[in-house]
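Student:
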Ligand code: GLC
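Right, here's the structure in full:
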């Protein structure tokens with residue numbers, strides 16, 4: 011009986027061992043080589059950590075978000091009145107660039123064409139574009155010039171989907187989905203691909219150095235080679251060898267944390283409106299580059315009545331959350347039809363900027379720490395410098411558990427002042443403990459010096 015039990019257990023153990031071995035697949039040399047290239051290309055971007063997304067287009071006129079044409083199933087003829095009314099007289103890319111820079115952002119991505127197909131650049135391949143109705147001005151070019159001048163890296167969003175092009179079928183969320191008459195038209199897919207590849211070529215060939223290409227998006231069978239993705243990426247890299255490309259030439263896997271692979275189609279993952287529970291890894295256990303994109307209210311494109319603004323605190327906490335898991339944050343603004351970033355967005359970004367000015371050192375070039383996440387906040391780390399983000403109410407001293415004997419200095423990041431610290435506090439001298447904020451009566455008490463996130467810099471030996 012006992013023997014039988016033993017053999018059952020050993021079979022179980024063997025099975026466990028085998029499955030564990032199986033799930034830790036080994037990457038092929040070709041995969042590893044591509045992975046290494048991806049990590050190299052994205053190095054600056056992973057250091058930058060914080061960028062601005064800009065959704066700007068004719069949809070700012072109806073002011074019900076950039077999906078209005080699809081949501082309300084408008085025909086191109088019905089949508090035309092918005093295109094006609096779109097004249098962003100106040101548009102001033104220099105002003106936008108200053109707002110991004112002051113917020114502590116290091117790069118920006120502008121919609122060159124969104125799903126509605128209306129082009130914000132002077133494409134030679136269509137008349138459905140801003141330049142012919144805005145005194146010849148090319149919004150993409152003005153954006154690129156202004157943001158580069160502020161020392162920011164620049165990226166362009168380009169919609170793979172096109173709700174205007176006659177050869178783009180009424181599939182997915184097309185405004186005329188389910189319209190049987192529309193479906194009877196003949197759609198020449200190759201013709202659409204030629205147009206789409208041609209426009210991307212214009213963007214990467216005629217506008218100087220582009221740092222990021224942000225394609226959006228794949229669904230059902232509309233993914234990968236349906237877009238002729240290999241050819242597209244090869245062409246983009248021919249003109250811009252160091253450009254980095256998002257992963258949406260394949261289907262976006264949201265905040266899923268495991269089992270991903272890095273393809274030759276994309277350099278970074280794009281969880282949308284959410285932050286993964288932990289840093290993203292490929293199925294071989296390598297950390298992979300990722301960026302959460304996030305709206306400031308509930309819409310990407312301008313919405314007149316959406317006042318659900320996130321507080322500066324939520325934004326700062328989200329940014330720290332991303333960085334503590336090796337991720338980036340791409341924070342959206344949706345300028346209005348006159349070309350202004352909404353006042354509310356400007357105000358929030360300015361607050362974020364104030365915090366960044368004092369605490370940016372704990373964000374740029376930083377990533378996950380090996381220490382476990384503490385209950386009072388989060389850690390970020392850069393080499394031997396650990397940043398303790400004290401974000402939540404917590405009484406008494408905070409324990410930098412695990413830092414123990416390794417600490418050589420403790421400072422308030424925002425002032426540079428040394429802070430009192432002890433390895434043992436109130437009889438708790440477990441190995442690895444390191445208490446900051448000791449030595450009564452000079453505790454930091456509530457409110458903390460920075461209500462949102464008080465950053466303590468810990469220099470490790
Ligand atoms: C979605 C939406 C789009 C938005 C994008 C930003 O894919 O279709 O409107 O531009 O997400 O990530």
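Residue numbers (our numbering): 11 to 471.
From the three backbone atoms N, C-alpha and C, an ideal C-beta is built for every residue, glycine too.
Note that the coordinates shown come from a computational prediction; the quantities given were computed from them, not determined experimentally.
1. Helix, strand or coil: which one does DSSP assign to residue 409?
2. Determine which residues share a DSSP beta bridge with residue 3 and list them.
3. Answer yes or no: do residue 232 and residue 171 have a C-beta to C-beta separation smaller than 9 Å?
4. Could you pull the DSSP bridge partners for residue 2 from this structure?
5. Cα-Cα, which of 396, 440, 412 is closest to residue 422?
6. Using a Cβ-based criterion (distance less than 8 Å to any ligand heavy atom), does residue 77 qualify as near the ligand GLC?
7. Return the chain-ordered list of same chain residues with a C-beta closer than 6 Å to the C-beta of residue 32, the five sequence neighbours on each side being excluded.
8. Could you tell me the alpha carbon to alpha carbon distance between residue 44 and residue 390, rounded to whole angstroms?
9. Identify every run of the alpha helix (DSSP H) within the stretch 211-250, keeping only runs that are complete inside it and at least 4 residues long; order them along the chain.
10. Who are the Cβ neighbours of residue 123 in its own chain at under 6 Å, not counting the five residues just before and after it?
11. One question on the structure: do residue 314 and residue 73 come within less than 9 Å of each other, judged by their Cβ atoms?
12. Taking only three categories from DSSP, how would you classify residue 333?
13. Where does the unbroken alpha helix (DSSP H) through residue 355 begin, and where does it stop?
14. Looking at C-beta atoms only, is the number of pairs between the stretch 79-87 and the stretch 317-333 that lie closer than 8 Å three or more?
15. Less than 8 Å between the CB of residue 125 and some heavy atom of the ligand GLC, yes or no?
16. Taking the alpha-carbon positions, what's the residue 267 to residue 290 distance?
17. Please state whether DSSP places residue 384 in a helix, a strand or coil.
18. Taking 8 Å as the cut-off, does the stretch 238-246 touch the stretch 262-279 (at least 3 CB pairs, one atom from each stretch)?
19. Helix, strand or coil for residue 141, going by three-state DSSP, please let me know.
20. Report whether the distance from the Cβ of residue 237 to the nearest heavy atom of the ligand GLC is below 8 Å.
21. Taking CB distances under 9 Å as the criterion, tell me whether residue 71 reaches chain B.
22. Between which two residues does the alpha helix (DSSP H) holding residue 106 run?
23. Rounding to the nearest angstrom, what Cα-Cα distance links residue 312 and residue 141 in this structure?
24. Mind checking whether the beta-carbon of residue 472 lies closer than 8 Å to any heavy atom of the ligand GLC?
25. Go through the stretch 254-297 residue by residue and report every complete run of the beta strand (DSSP E) that reaches 3 residues or more, in order.
26. Keeping to the same chain, check which residues put their C-beta closer than 7 Å to that of residue 109; ignore five residues upstream and five downstream.
Tutor: For this structure:
1. strand
2. Residue 3 cannot be examined here, being either before or after the span of the chain that is shown, 11 to 471.
3. yes
4. One cannot answer for residue 2 here, as it falls past the ends of the chain, which runs 11 to 471.
5. Nearest C-alpha to residue 422: 396.
6. yes
7. Here the model assigns residue 32 a pLDDT of 46, short of 50, so the residue's position is not dependable, and the following value carries that caveat. Excluding sequence neighbours, residue 32 sits near nothing in its chain.
8. So the two alpha carbons sit approximately 27 Å from each other.
9. 239-249
10. 129, 168, 169
11. Cβ distance < 9 Å, so residue 314 and residue 73 count as in contact.
12. Correct three-state label for residue 333: helix.
13. Element bounds for residue 355: 353-369.
14. no
15. yes
16. 5 Å
17. coil
18. yes
19. helix
20. no
21. Here there is only one protein chain, and chain B is not present.
22. 103-112
23. 21 Å
24. Outside the modelled stretch of the chain, which goes from 11 to 471, sits residue 472, for which no answer is possible.
25. Here no run is fully enclosed.
26. 351, 356, 359
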